[in-house]
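Accompanying notes for the structure given below.
There are 2 protein chains.
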Amino acid sequence: MSQVCKAEHIAVGSEILLGQILNGHARAISLEFAAHGLNLYYHSAVGDNMERILQSLEIARSRSNVVVVTGGLGPTKDDLTKEALAAFLNRPLELSEDSLRALEAYFVARKRRMPEENRKQALCISGGEVLPNPNGTAPGQYVEADGVHYFLLPGPPLEMVPMLKNEVLPRLRTVFSNQTRIVSRVLHFCGIGESDVDEQIGELTAAKNPTVAPLASEGEMLLRITAAGNSDTEAQQYITPVEQMLREKFASFIYGVDDETLPSVVLKVLSGAGQTLAVAESCTGGLIASMLTAIPGSSAYFAGGVVAYQNEVKEKQLGVHSETLTAFGAVSEQTAREMAEGVRSRLNSTYGLSVTGIAGPSGGTPEKPVGLVYGAVAGPDGTQVFRMQFRGSREQVRIRTAKQMLWRLWRMVVVKA
Amino acid sequence: MSQVCKAEHIAVGSEILLGQILNGHARAISLEFAAHGLNLYYHSAVGDNMERILQSLEIARSRSNVVVVTGGLGPTKDDLTKEALAAFLNRPLELSEDSLRALEAYFVARKRRMPEENRKQALCISGGEVLPNPNGTAPGQYVEADGVHYFLLPGPPLEMVPMLKNEVLPRLRTVFSNQTRIVSRVLHFCGIGESDVDEQIGELTAAKNPTVAPLASEGEMLLRITAAGNSDTEAQQYITPVEQMLREKFASFIYGVDDETLPSVVLKVLSGAGQTLAVAESCTGGLIASMLTAIPGSSAYFAGGVVAYQNEVKEKQLGVHSETLTAFGAVSEQTAREMAEGVRSRLNSTYGLSVTGIAGPSGGTPEKPVGLVYGAVAGPDGTQVFRMQFRGSREQVRIRTAKQMLWRLWRMVVVKA
Numbered sequence: 001m002s003q004v005c006k007a008e009h010i011a012v013g014s015e016i017l018l019g020q021i022l023n024g025h026a027r028a029i030s031l032e033f034a035a036h037g038l039n040l041y042y043h044s045a046v047g048d049n050m051e052r053i054l055q056s057l058e059i060a061r062s063r064s065n066v067v068v069v070t071g072g073l074g075p076t077k078d079d080l081t082k083e084a085l086a087a088f089l090n091r092p093l094e095l096s097e098d099s100l101r102a103l104e105a106y107f108v109a110r111k112r113r114m115p116e117e118n119r120k121q122a123l124c125i126s127g128g129e130v131l132p133n134p135n136g137t138a139p140g141q142y143v144e145a146d147g148v149h150y151f152l153l154p155g156p157p158l159e160m161v162p163m164l165k166n167e168v169l170p171r172l173r174t175v176f177s178n179q180t181r182i183v184s185r186v187l188h189f190c191g192i193g194e195s196d197v198d199e200q201i202g203e204l205t206a207a208k209n210p211t212v213a214p215l216a217s218e219g220e221m222l223l224r225i226t227a228a229g230n231s232d233t234e235a236q237q238y239i240t241p242v243e244q245m246l247r248e249k250f251a252s253f254i255y256g257v258d259d260e261t262l263p264s265v266v267l268k269v270l271s272g273a274g275q276t277l278a279v280a281e282s283c284t285g286g287l288i289a290s291m292l293t294a295i296p297g298s299s300a301y302f303a304g305g306v307v308a309y310q311n312e313v314k315e316k317q318l319g320v321h322s323e324t325l326t327a328f329g330a331v332s333e334q335t336a337r338e339m340a341e342g343v344r345s346r347l348n349s350t351y352g353l354s355v356t357g358i359a360g361p362s363g364g365t366p367e368k369p370v371g372l373v374y375g376a377v378a379g380p381d382g383t384q385v386f387r388m389q390f391r392g393s394r395e396q397v398r399i400r401t402a403k404q405m406l407w408r409l410w411r412m413v414v415v416k417a
Numbered sequence: 001m002s003q004v005c006k007a008e009h010i011a012v013g014s015e016i017l018l019g020q021i022l023n024g025h026a027r028a029i030s031l032e033f034a035a036h037g038l039n040l041y042y043h044s045a046v047g048d049n050m051e052r053i054l055q056s057l058e059i060a061r062s063r064s065n066v067v068v069v070t071g072g073l074g075p076t077k078d079d080l081t082k083e084a085l086a087a088f089l090n091r092p093l094e095l096s097e098d099s100l101r102a103l104e105a106y107f108v109a110r111k112r113r114m115p116e117e118n119r120k121q122a123l124c125i126s127g128g129e130v131l132p133n134p135n136g137t138a139p140g141q142y143v144e145a146d147g148v149h150y151f152l153l154p155g156p157p158l159e160m161v162p163m164l165k166n167e168v169l170p171r172l173r174t175v176f177s178n179q180t181r182i183v184s185r186v187l188h189f190c191g192i193g194e195s196d197v198d199e200q201i202g203e204l205t206a207a208k209n210p211t212v213a214p215l216a217s218e219g220e221m222l223l224r225i226t227a228a229g230n231s232d233t234e235a236q237q238y239i240t241p242v243e244q245m246l247r248e249k250f251a252s253f254i255y256g257v258d259d260e261t262l263p264s265v266v267l268k269v270l271s272g273a274g275q276t277l278a279v280a281e282s283c284t285g286g287l288i289a290s291m292l293t294a295i296p297g298s299s300a301y302f303a304g305g306v307v308a309y310q311n312e313v314k315e316k317q318l319g320v321h322s323e324t325l326t327a328f329g330a331v332s333e334q335t336a337r338e339m340a341e342g343v344r345s346r347l348n349s350t351y352g353l354s355v356t357g358i359a360g361p362s363g364g365t366p367e368k369p370v371g372l373v374y375g376a377v378a379g380p381d382g383t384q385v386f387r388m389q390f391r392g393s394r395e396q397v398r399i400r401t402a403k404q405m406l407w408r409l410w411r412m413v414v415v416k417a
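Same order as they appear, the protein sequences are chains A and B. Quick note, the first sequence lines up with residues 1 to 417 if you use our numbering. Quick note, the second sequence lines up with residues 1 to 417 if you use our numbering.
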């Protein structure tokens, strides 16, 4: 079959529209579809309302050939998804003896009586298939009608995800077996703005295969290179020269690929060099330490840190001289230098990283405005101090400071290594 | 005007459909709309594709009178949202001199030359209004056409959220001023599970006015009480007795209301008592310090902290005895106690808070499994140590630890005060 997949996802649940829960299924399904080269063009979410669910199915049928619906398969009166699809396709619901037995076994295994209202979960749309749910009470459904493949999956993530992987994707791989393969490569940049990158690669973003798309994030940006081919290998062949060219152009700004993050690459280069890091934070107040320690295994290369919010702490815990603080102030090149050198020597690490600045919203002066940050890295070859001026909210100043300094440290270690 | 709000949200961005980022805006917008009593019936997401964006606008116009679109307002060729809405409404794009000046000032302030391609961000749909963006380069847009209110907002969350609150909601409150008033009150709980609360308030969650809806969050939970009335005062009258009853039942678990957070209430009680805090973190690795210092003004009550990942740091920076570490281990009641007392005395604060535990995923033993955490609070009346056992991922263990300990500290200070 040479048909091309045009899929969409519909999440059903009033709690999503009220903002009470995040629609995380949309992302999980998108990731799996992209990894299998299956196009997914739309997400939508709709409340537990028969009329609006029917209208969403109507829209989906008009533009898609795969419709994955999550949620609304529970036992309560609010759970309407299966009833809606049956009505939409004008097919009756029939009791599935297999489903009923599985359901009864589920309750027996938990030593609980099956409530009467759960019986409706054993109903199956006529002509459809039951998708077994080993992790909960709501079975899924698969129905094909007029060339459109409908999948109904339960809402709880620990039930939905296994059913997606074990039941939905194998069926779709068969249906769309001959289609083009899609491969993506993501390059992460720091220290350079989206528009500066974009300006230098103008012709690339206009290309069709591979496509190159920029995405700004707080304090960094990424470029996604996506290619299509008859095989993964062919698609990869279109990506390689573009990646190479970008790496030549932006060498010191590209810190990582795909799932890598600034803290993960910092820990990687430190572990590669057998080196350690300690941090002394004023305006970021523990954020840098927290980003690093979020990574499993960080304890081997991250010695620890000092959050030196008050001057007394800078003096006592880091050995910053009170004369330095008096003469130049807490937010100064000199204080940043002494903080980095102090934390390095006191925590006995290869590198010491420091930041001191004014995160705002208050505390700025004409000479030292909000967003002014000094950062320093002390290492075996001496100390480098950086003056940075950020804009934005307190949160933005903190995040941008943390990422900039991790990127500068990464560059220093990489160049040395 | 007696029109009723029927809103929907459209997120634009191929990265969402590829699963590379989560569509968090949908939830943020839903929460704000719900809090203002504005109905929001659909979410959708669509890639950076002119034809599909136009089709999504067509669907939206047919069923909604408020359409909030996020993303696609950047300077690149991929950013199509404004161009799509202009084409959809058949209106030209006009240069806004004000926008251009703001954009140029943005770059001047950053001492950067404005790239030529950013000019398109100063274009405004004819007859529409520019929504200023003090936090980035992409201004928003507001256009009303044939009774439908269109809002275009930038994709970065730190730009989108302030614009939503400062520009979108005030306009919608005016447009839909005569409708029933909805008032909400959110109570934040820590130290008690959702099902325990739910079991004790069963009859309340079945009520219609006010409704009481539980919502679990990482390491805490909240109850949202929502009432409808002809005026805010009337709606508030339905809420007050329910809130009072809940406060009697769950006194020590309800730490805050509405926008309050654990770090914000901790800083509030410390500032009320004129007291200060220092933290010593092992397994949370700076997370607690980072949560506290994210709050503006925290520097007056938060002295600082030590991230003591390695034993040597616990000894040298906190004065933990090497005999304690040898005899009981880093993850022990005794070490937690010495860490809290050490950071309190060294940073000269009223309270010292410590945590030491096994965040995982590796590092656990049968005696000390992953998720085991000891925390301590040292204060003027001595030291209390807590043993906690959490389930879940590294991230979950860290967040739950941080919240539990902030809640315990809050309770101790409140009881003393």
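By construction, the Cβ of each residue, glycine as well, lies at the ideal position given by its N, Cα and C atoms. Predicted model only: the values in this text are computed from it and were never measured.
Pairing B:Ala340 with B:Leu353 gives a Cβ-Cβ distance under 8 angstroms. A straight-line Cα-Cα distance of about 43 angstroms links B:His25 and B:Thr335. For A:Met114, there is no enclosing beta strand (DSSP E), as DSSP marks it with neither H nor E. Put simply, the backbone Cα of B:Glu323 is about 23 angstroms away from that of A:Gly305.
By the Cβ test, the region 82 to 97 of chain B is not in contact with the region 161 to 176 of chain A, since fewer than three Cβ pairs between them sit closer than 8 angstroms.
Comparing alpha carbon positions, the residue from A:Leu57, A:Gly379 and A:Val212 closest to A:Gln275 is A:Gly379. Contact fails between the region 244 to 259 of chain A and the region 283 to 297 of chain A, because fewer than three Cβ pairs, one in each stretch, are under 8 angstroms apart. The C-beta distance from A:Ala300 to A:Ser271 rounds to 7 angstroms, short enough to fall under 8 angstroms. Scanning B:Ser56, B:Tyr142 and B:His36 for the CA closest to the CA of B:His43 turns up B:Ser56.
For the region 312 to 327 of chain B, the set of positions with a beta-carbon nearer than 9 angstroms to some beta-carbon of chain A reads Glu312, Val313, Lys314, Lys316 and Gln317 in chain order. When 8 angstroms is used as the limit between beta carbons, B:Asp78 is near these residues of chain A: Thr205, Ala213 and Pro214, in chain order. Residue B:Arg346 holds the alpha-carbon nearest to the alpha-carbon of B:Ala278 among B:Arg346, B:Ala60 and B:Glu58. Apart from the 5 residues on each side of it in sequence, A:Gly319 sits with its Cβ closer than 6 angstroms to the Cβ of Gly342 in its chain, given in chain order. DSSP places B:Ser354 in the uninterrupted beta strand (DSSP E) bounded by Tyr351 to Gly357. In this structure the region 399 to 407 of chain B touches the region 214 to 222 of chain B; the number of beta carbon pairs closer than 8 angstroms is three or more. Under the three-state reduction of DSSP, B:Gly140 is assigned to strand. The continuous beta strand (DSSP E) containing B:Thr226 extends over residues Glu220 to Gly229. Taking C-beta atoms as the reference points, B:Leu152 and B:Leu164 fail to come closer than 8 angstroms. From the beta-carbon of B:Gly304, the residues of chain A found nearer than 8 angstroms are Val306, Val307, Ala308, Tyr309, Gln310, Val313 and Gln317. When DSSP reads this structure, B:Ser184 sits in a beta bridge with B:Thr226. A:Val183 and B:Val373 have their C-alpha atoms some 42 angstroms from each other. One finds Arg27, Ser30, Leu31, Ala34, Ser184, Val186, Leu215, Leu222 and Arg224 in chain A with Cβ atoms closer than 9 angstroms to the Cβ of B:Gln20, taken in chain order. Under the Cβ criterion (8 angstroms, minimum of three pairs), the region 16 to 30 of chain B counts as touching the region 27 to 42 of chain A. Listed by position along chain A, the residues whose Cβ is nearer than 7 angstroms to that of B:Thr261 form an empty set, because the closest Cβ is around 13 angstroms away. Sequence-distant Cβ neighbours of B:Ile295 in its own chain, meaning closer than 6 angstroms and more than five residues away, are Pro263, Ser264 and Leu267.
Nothing from the region 372 to 386 of chain A brings a Cβ to less than 7 angstroms from some Cβ of chain B. Rounded to the nearest whole angstrom, the CA to CA distance from B:Gly47 to A:Phe189 is 22 angstroms.
Judged by DSSP secondary structure, B:Arg247 falls within the alpha helix (DSSP H) whose first and last residues are Asp232 to Lys249.
Using a Cβ distance threshold of 8 angstroms, B:Thr293 and A:Tyr309 count as a contacting pair.
DSSP, reduced to helix, strand and coil, places B:Thr383 within a strand of the structure shown.
Contact check for B:Glu281 and B:Val307: beta-carbon distance about 5 angstroms, within the 8 angstroms limit, so the pair qualifies.
Look at the region 145 to 178 of chain A: it has no residue with a C-beta under 7 angstroms from a C-beta of chain B. Secondary-structure assignment with DSSP links B:Ala278 through a beta bridge to B:Gly304 and B:Gly352. Exclusion of the five residues before and after B:Arg394 leaves Ala359, Gly360 and Pro361 as the residues of its chain whose Cβ lies within less than 8 angstroms of its Cβ.
The beta-bridge partner set that DSSP reports for B:Leu131 consists of B:Gly140.
For the region 78 to 103 of chain A, there are no residues whose beta carbon sits under 7 angstroms from a beta carbon of chain B.
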